[in-house]
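Reading through the structure tokens given below for one structure.
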Amino acid sequence: MKCVSYNIQYGIGLDKKYDIARIVDAVRGADLIALQEVSRNNPSNQGRDMPAEIRALMPDLFSVYGPSFEIDMGSHVKDGKAVDLRFQFGNMILSRMPILVSRNLLLPRRRSIAKMNFQRSALEVLVETTLGPIRFYSIHLDHRSPDERLMQVRHLRERVLAYPHEGGGLTGVAEMGFPEPPRPESAVLLGDFNMLPGSPEYLEVTGMVDHEFGLPLVADKFVDVAAHVGTETDTCVNADDPDDRFRHKRIDYAFVTANLADRVKSCHVDTSAVGSDHRPVWVNLCQNP
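For what it's worth, numbering that gives the first Met the number 0 labels the leading residue of the sequence shown as 0, then goes sequentially.
Following this line, the structure appears as structure tokens:
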């Protein structure tokens, strides 16, 4: 099973041009696609309806879009009818298999002073895969504050781990004559975490390495897939300065629950992609360990 995560920076590439087709081409062939920075009515890309454009270019995939927030951008009345014009910004997931259940998890945030800070979220879907039922998440964490990212990681970890007990977005549907959705332990976390390997936020996800015994697999922590298979590569680039090491860094990740660690076949970053200032992170999962 091929999964890919890509922060598409509302469609603006390294050449500063909007080109949704090259973004779709960069993720085509995946069974599960997690996208971040997907927008509608965004002034930065002339107000494109990105979810609609992406779906039109990938009509054979199921999808769900989860805006983290929306804000009015000039709603008005025309010919006696209200016209909603609202800027939406969030995450999107596309799947070759039907999406059984989804929900948008809003992450903790603080009011900022003078500098922009906006609502972040994690879009959660449940999919019946060839490996069994798995939850997938498209995640985008805060880009400015390590303290805020740590709050967000802790909240997200609690929700992901509580899923088998809480049941996700919907339970008890047998009352309506439908089969109860599965509540799998297995989960894959994909997205732009805006954190560096070894940071406090990162260690909150993975746990700390013991100097003698290494990093154990435990049920309440997650496995960094790239580190697990030894293919750690920068995922964010600075188009204006190729030598800017501050902006060339690994901040996009794929994490899996410990029970899926032996199903990871490979992981790589597509360094040829130019549709965004981020690069797609690909993960291949196999049926047998």
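All residues carry an ideal CB built from backbone N, CA and C; glycine is no exception.
Keep in mind the model is a prediction, meaning the values are calculated, not measured.
Under the DSSP assignment, residue 92 falls in the beta strand (DSSP E) whose first and last residues are 85-94. For residue 151, the uninterrupted alpha helix (DSSP H) segment begins and ends at 145-165.
C-alpha of residue 98 to C-alpha of residue 128: approximately 10 angstroms in a straight line. In the DSSP assignment, residue 26 falls outside any beta strand (DSSP E) and within the unbroken alpha helix (DSSP H) covering 19-26.
Close CB contacts of residue 71 within its chain, under the 6 angstroms cut and outside five residues either way in sequence, are with 85 (chain order). When DSSP states are grouped into helix, strand and coil, residue 261 belongs to the helix group. Under DSSP, residue 233 shares a beta bridge with no residue. With the rule of 3 Cβ pairs closer than 8 angstroms, the region 181-201 counts as touching the region 134-149.
In the assembly as shown, residue 221 is a buried residue. Its beta-carbon has 16 or more other beta-carbons within 10 Å.
In the displayed model, residue 10 falls within a helix according to three-state DSSP.
In the structure shown, residue 273 falls within a coil segment according to DSSP collapsed to helix, strand and coil.
Boundaries cannot be given for residue 172, as no alpha helix (DSSP H) includes it and DSSP labels it neither H nor E. Counting along the chain, residue 188 sits inside the beta strand (DSSP E) bounded by residues 186-191. Residue pairing of residue 80 in beta bridges, as defined by DSSP: 77. When beta bridges are read from the DSSP output, residue 136 appears opposite 123, 188. For residue 113, there is no enclosing alpha helix (DSSP H), as DSSP marks it with neither H nor E.
When the beta-carbon positions are compared, residue 74 and residue 134 stay at least 8 angstroms from each other.
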